[in-house]
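Read through the structure below, which is laid out as structure tokens, and then see the notes.
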Amino acid sequence: GDIPQYLRDGVVDIAIIGENVLIEKGEEILFTQRLGFSKCKVSLAISKNETYTGIDYFANKRIATSYPNTVRKYVIDKGIDTEIHVINGSVEIAPNIGLADGICDIVSSGSTLFKNNLKEVAVLLESEAVLAVSPKLTMEKKTILNKFQFRIESVLKGRNSKYVLMNAPNEKLKDILKVLPGMRSPTVLPLAEEGWSSVHSVISKYQFWEIIDELKEKGAEGILVCPIEKMVL
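Residue numbering for the sequence shown is -9 to 223, as defined by this note's numbering.
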């Protein structure tokens, strides 16, 4: 919770921090990169026994939370009045002991809500780890930061991609190449066996199975898939 203040004061230059913490406590602190891990939501939740009719449910009700600034901004934007109770830790027990009508807290798998007989009813924000930067960063350090970010980006791009190799009959090569995006264009190399080529390309892991299925339909054989450690573009 102290990291946004350290960044603001220039005590630290950069920090890996949850976006939810930055939004709650890091006013005027910018982040330069989403890092793709520690994903969660900041959500409103109420008792499973309650009927949720929309955000107006919380009008004139009590919300227990460790994120008062986030909740306050949200309810003001929605035009409703609520009573916010700040609790640090074990927020989820508040409705069960009569301290609040609902809560606002981090939700990941939802198991904590389930154990406390609560249900998620509204998502205030979706969060992940981000690279945040001090506003007092010098030009010299900004140059170092740019190099650091470039290296992070190469790793993230590599994780989100797969390197594929396959054998393709030359008469079907044109159709197979249409399926493959590649970074610029797929690499095609002749095989020792006449009439066949080896095709190399990079595909997104999010489209992986759809592309593989289509490649097989087009006649590709012996498809190999390799992880990519880093991808420098």
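Glycine residues also receive a C-beta, built at the ideal position from the N, C-alpha and C atoms.
At the C-beta level, VAL113 and VAL32 come within 9 Å of one another.
When the beta-carbon positions are compared, ILE193 and SER151 come within less than 9 Å of each other.
If you ignore the 5 residues before and after ILE213, its C-beta comes within less than 6 Å of the C-beta of MET156, all in its own chain and listed in chain order.
Going by beta carbons, LEU135 and ILE4 fall inside the 9 Å limit.
Shown here for ILE45: same chain residues with a beta carbon closer than 6 Å to its own, the five before and five after excluded, namely LYS68 in chain order. Counted as a single uninterrupted DSSP element, the beta strand (DSSP E) harbouring LEU108 occupies residues 108 to 117. Considered as a whole, the segment 120 to 151 harbours 129 to 149 as its complete alpha helix (DSSP H) runs of no fewer than 4 residues, in chain order.
As the crow flies, the alpha-carbon of LEU179 is around 5 Å from that of SER187.
In terms of CA proximity to GLU184, GLU161 leads the group ILE70, CYS216 and GLU161. Residue pairing of ARG52 in beta bridges, as defined by DSSP: GLU73. About 33 Å separates the beta carbons of ALA210 and ILE142, which is beyond the 8 Å limit, so they are not a contact pair.
Closest by C-alpha distance to CYS94, out of GLU207, ASN10, LEU(-3) and ASP(-1), is ASN10. TYR57 and PRO176 have their C-alpha atoms roughly 49 Å apart. VAL2 and SER124 have their C-alpha atoms some 7 Å from each other.
Going by DSSP, THR60 is part of no beta strand (DSSP E) but of the alpha helix (DSSP H) stretching over 58 to 68.
Minimum Cα-Cα distance from ASN59 among the listed residues LYS168, LEU115, PHE27 and PHE104 corresponds to LEU115. Proximity to PHE140 across LEU25, LYS15 and LEU89 peaks at LEU25, based on C-alpha coordinates. Residues of the same chain with a CB within less than 6 Å of the CB of VAL65, apart from the 5 flanking positions on each side, are THR72 in chain order. As the crow flies, the alpha-carbon of LEU163 is around 17 Å from that of ARG174.
Taking a 10 Å sphere around the C-beta of GLU14, we find 16 or more other C-beta atoms and assign the residue as buried. With distances taken between CA atoms, LYS208 lies nearest to PRO159 out of SER191, PRO159 and CYS216. Beyond the five residues adjoining it in sequence on each side, ASN78 comes within less than 6 Å, by CB distance, of SER56 in the same chain, given in chain order.
A distance below 8 Å between beta-carbons, with the five flanking residues on each side excluded, links ILE19 to the following residues of its chain, in chain order: PRO(-6), LEU(-3), ARG(-2), LEU12, ALA122, VAL123, SER124 and PRO125. Contact between GLU118 and LEU103 is absent: CB atoms are separated by about 20 Å, not below the 8 Å threshold.
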